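Under the UniProt record's numbering, the residues of the sequence shown are numbered 1 to 202, in order.
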Amino acid sequence: MSVLSRGFRRGRSQERSDGRLPPGQYDAGDGFPVLSAGPTPSTPLDRWDLTVHDETGERHRWSWEEFRVLPREAVSVDIHCVTTWSKFDTRWEGVSLDTLLQDAPTTARFVLAGSDGGYTTNLPLDDVTGGRAWVVDTYDGRPLAPEHGGPARLLVPHLYFWKSAKWVRRLTLLPHDRPGFWETFGYHNHGDPWLEQRYSGD
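This is the structure in C-alpha cells:
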C-alpha cells in the first residue's frame, strides 16, 4: 500500500499569458490537491506548541495562544507542487519567520523544519528570512484545515510546496545542511520550480 495520499497525479501542462506558470506545471484552478505521506496528525490546540532550537540547544517556545498574538502578516502568493500543479493568488495569514527568529541570533546557515508525524524538510536560512517564509494558520480567511497542514504549516512559496512543511512544530537551526524526508528519497535538495529542481540531479 502506498503511503502517499490522493492527488499525486499529473495534469496537463498549460501556459499563462502573464508568465507566472513555471515550466512543466499546470494551473489547478479552484482545486487544491491534498498531498501528504501518511495519515493526517491531530494535535489539540491546548497541547500544540512551536519551538525554535538554535545550535547551542537553547529553545524559544510559543503555545498556541502565544503564537496567535505574535505580529501577523497577510500574504497572497502563488504555490507550485512538485507533482506539477500550481495554484495562483492563494491567501494566507500567519507569522513571518523573521519574527520567529529575531530573538535567536545565530551563525547557522540552514534550518530543518520538523512536523507532527515525523516529517522534516531542510532549507537554507536565506530562503526563509527576508520576508520569504511564514508559519501560517489561516487559508482564504479561515482556520487552516488539517488536510492542508492545520493548525499551522510552513509557507515558503518560492520553492516547490513540499518545502512548505505541513503540521510544523519545530525549527532547528543548523551550521550544516541535513536532508529532510523527501530529500532522502531523491527529491531535489533545493526545489526551485523555475529551474524544475524536482529530483536529485535536476
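Using N, Cα and C, we set each Cβ at its ideal position, and we do this for glycine too. The structure presented is a predicted model; accordingly, all values stated were derived computationally and were not measured.
Item: Exposed or buried, which one is Gly19 when buried takes at least 16 other CB atoms within 10 Å?; Value: exposed
Item: Measuring straight from C-alpha to C-alpha, what distance separates Leu97 and Thr90?; Value: 19 angstroms
Item: Name the residue from Asp27, Pro22, Val34 and Trp48 whose alpha carbon lies nearest to the alpha carbon of Glu147.; Value: Val34
Item: Kindly list the residues whose CB is nearer than 8 angstroms to the CB of Ser42, restricted to its own chain and excluding five residues on each side of it in sequence; keep chain order.; Value: Pro146
Item: Asp137 to Asp202, Cα distance in whole Å?; Value: 32 angstroms
Item: Taking the straight line between their C-alpha atoms, what separation do you get for Gly94 and Ser200?; Value: 31 angstroms
Item: Would you call the CB atoms of Lys163 and Val156 closer than 8 angstroms?; Value: yes
Item: Check whether the Cβ atoms of Ala108 and Glu55 sit closer than 8 angstroms, and answer yes or no.; Value: yes
Item: At which residues does the alpha helix (DSSP H) containing Trp182 begin and terminate?; Value: Phe181 to Thr184
Item: Closer than 8 angstroms by C-beta to Pro39: which residues in its own chain qualify, once you throw out the five before and the five after it? Chain order, please.; Value: Gly117
Item: Work out the CA separation of Ala104 and Gly57 for me, nearest whole Å.; Value: 11 angstroms
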